[in-house]
Amino acid sequence: GYTMIEYEGAKQYVLSHGNSSTTFLFFCSHNNENCNYIEDTLYPDVNKRLDNKNMNTLIDYVNIEPLEDSLKTENLMADWSINNYPAFVSVSVIDDQLVINNSLVWNSESPINTNDILAWLQENGQYEGVITQQVLMP
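Take 1159 as the starting number for the sequence shown in the numbering used here and just add one per residue.
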């Protein structure tokens, strides 16, 4: 089910899946209310729309608390090309190198919603349903 990886081990974890593999990562911290909102509120909502799939098995959680603790969250940009978190990243292994395919990154102006996650899953071949526009009240 639920896989949690420590930040320092994330690259090795992805590489361990071997060439031509694709891994979906969720960079977050349980100290962050936006992370908890995605997991507690959006994941169950997304799961209702997924056939025989579940966010906790599709996506591996990368714990970035050590970066927060040492005030080094800017390492996310250097390591994973994301400028904020929570963030979902699709990463493949090609010729034993990490290749970042795309990401969905939290933006406080327009917070991630259920449809954003479904659209990102669809872009990565993990969701085939229809994405209906729905208005979620704050």
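Idealized CB from N, CA, C, for every residue including glycine.
The structure displayed is predicted, hence computed values, not measured ones.
State the DSSP-derived secondary structure class of D1218, mapped to helix, strand or coil.
Counting from 1 along the sequence shown, the entry for residue 1218 is found at position 60. Reduced to three states, the DSSP call for D1218 is strand.
Of the choices K1206, F1185, E1281, L1208, whose alpha-carbon is the least far from that of I1222?
Looking up residue 1222 in the sequence shown gives position 64. Of the candidates K1206, F1185, E1281, L1208, the one whose C-alpha sits nearest the C-alpha of I1222 is F1185.
Just checking my contact of V1251 with V1172 at CB under 8 Å: how many whole Å lie between their CB atoms?
Here residue 1251 corresponds to residue number 93 of the sequence shown, with the count starting at 1. Here residue 1172 corresponds to residue number 14 of the sequence shown, with the count starting at 1. At roughly 6 Å, the Cβ-Cβ gap stays under 8 Å, so V1251 and V1172 are in contact.
Residues in its own chain within less than 7 Å of L1208 by CB, not counting five upstream and five downstream?
Taking the first residue of the sequence shown as position 1, residue 1208 is located at position 50. Excluding sequence neighbours, L1208 sits near Y1285.
Considering Q1255, what are the terminal residues of the beta strand (DSSP E) in which it resides?
Against the sequence shown, residue 1255 aligns to sequence position 97. Here the beta strand (DSSP E) through Q1255 covers 1255–1263.
Cα-Cα, which of S1228, V1249, N1192 is closest to Y1243?
One-based indexing of the sequence shown puts residue 1243 at position 85. Ranking S1228, V1249, N1192 by Cα distance to Y1243 puts N1192 first.
Can you name, in chain order, every residue of its own chain whose Cβ lies under 7 Å from the Cβ of N1205, other than the five neighbours on each side?
Counting from one through the sequence shown, the residue named residue 1205 turns up at place 47. Cβ neighbours of N1205 beyond the five flanking positions: N1212, M1213.
Taking the beta carbon of V1288 as the centre, do at least 16 other beta carbons fall within 10 Å, making it buried, or is it exposed?
As a working mapping, residue 1288 is identified with position 130 in the sequence shown. When all chains shown are included, V1288 counts as exposed.
Which residue marks the beginning of the alpha helix (DSSP H) containing T1272, and which one marks its end?
The residue given as residue 1272 occupies position 114 in the sequence shown. It spans 1272–1281 - the alpha helix (DSSP H) in which T1272 sits, taken as one unbroken run.
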